[in-house]
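These notes concern the structure reproduced below.
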Amino acid sequence: MENAKFTFKTLEGIPSKNNLNAILTVYKSVFEDYNIDFFNDRIHQKEDLLTLLCYHQKQLIGFKIGYKYNATTFYSWVGGVLPDHRKNGIGKQLSQLQEQVINRKGYNTLRTKSMNRFKPMMILNLKNGFDIKSVYTNETGQTKIVFEKQLN
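Just so you know, the sequence shown maps onto residues 1 to 152 in UniProt numbering.
Here it is as structure tokens:
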């Protein structure tokens with residue numbers, strides 16, 4: 001998938017070492033509380049891993065990663081866009097591409113989580129048809145908001 005400024009790429013399974021390094025560079029730039037060990041563990045442990053990448057002039061500037069939650073639900077786990085490239089619709093395009101791919105794979109529900117401090121992500125989820133399903137506090141004291149969307 002391409003538009004005038006950006007190129008999008010879809011990867012299934014564990015990304016190559018080069019792709020993984022590029023993803024981790026963006027991940028560290030987007031999340032101040034990043035945990036590379038947790039990230040690597042999750043990437044290597046989950047089934048039906050799907051990674052969507054967005055490039056600008058051959059530089060990775062955004063990504064979205066998800067995996068099988070259960071037989072009918074896909075979990076959109078983590079993603080982000082470098083700060084200098086936000087407000088260009090990249091997050092929305094990554095989300096739309098993810099939905100297209102998982103719809104073809106036969107999933108009928110898309111699930112994700114966010115936190116109140118990530119308001120742009122929460123707004124994006126609500127604008128894209130997600131419903132808030134629950135709110136809980138995890139073992140580290142973070143309040144998580146669970147979103148779900150029914151796919152066509």
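Every residue, glycine too, gets a C-beta built ideally from N, C-alpha and C. Nothing here was measured: the structure is a model prediction, and the numbers come from that model.
By Cβ distance, which residues of its chain are closer than 6 Å to Thr51, with the 5 residues on each side in sequence left out? Correct list, in chain order: Leu11, Pro15, Ile65.
Option in Lys149, Arg117, Gly89, Asp41 with minimal Cα separation from Ile132: Nearest C-alpha to Ile132: Lys149.
Under the three-state DSSP convention, the category Thr112 falls into: Strand at Thr112.
Gly141 - containing alpha helix (DSSP H), residue span: Where Gly141 is concerned, there is no enclosing alpha helix (DSSP H), given that its DSSP letter is neither H nor E.
Looking only at C-alpha atoms, which of Val81, Lys68, Leu124, Asn116 sits nearest to Asn103? Per the Cα distances, Lys68.
With distances taken between CB atoms, is the gap from Leu49 to Phe63 smaller than 8 Å? Going by C-beta atoms, Leu49 is not nearer than 8 Å to Phe63.
Chain-order list of residues whose beta-carbon lies under 6 Å from that of Tyr34 (same chain, five-residue window excluded): Excluding positions up to five away in sequence, the list reads Tyr27, Lys28.
Taking the straight line between their C-alpha atoms, what separation do you get for Gly106 and Thr72? Take the alpha-carbon of Gly106 and the one of Thr72: they are about 7 Å apart.
Which residue from Gln93, Ile43, Asn21, Lys58 puts its Cα closest to that of Asn128? Considering only alpha carbons, the answer is Gln93.
Complete alpha helix (DSSP H) runs within the UniProt domain "N-acetyltransferase" (6-152) (minimum length 4 residues, chain order): Scanning the UniProt domain "N-acetyltransferase" (6-152) from its first residue to its last, the whole alpha helix (DSSP H) runs of 4-plus residues come out as 17-30, 36-45, 90-104, 119-127.
Are Thr112 and Ser76 touching if we call contact CB-CB under 8 Å? One thing to note: Thr112 has its Cβ within 8 Å of the Cβ of Ser76.
Could you pull out every residue in the same chain whose Cβ sits closer than 6 Å to the Cβ of Ser114, ignoring the five residues on either side in sequence? If we look at Ser114 and ignore the five residues flanking it on each side, its Cβ neighbours are Met121, Met122, Ile145.
Does the distance from the C-beta atom of Asn116 to that of Thr140 stay below 8 Å? No, they are not a contact pair.
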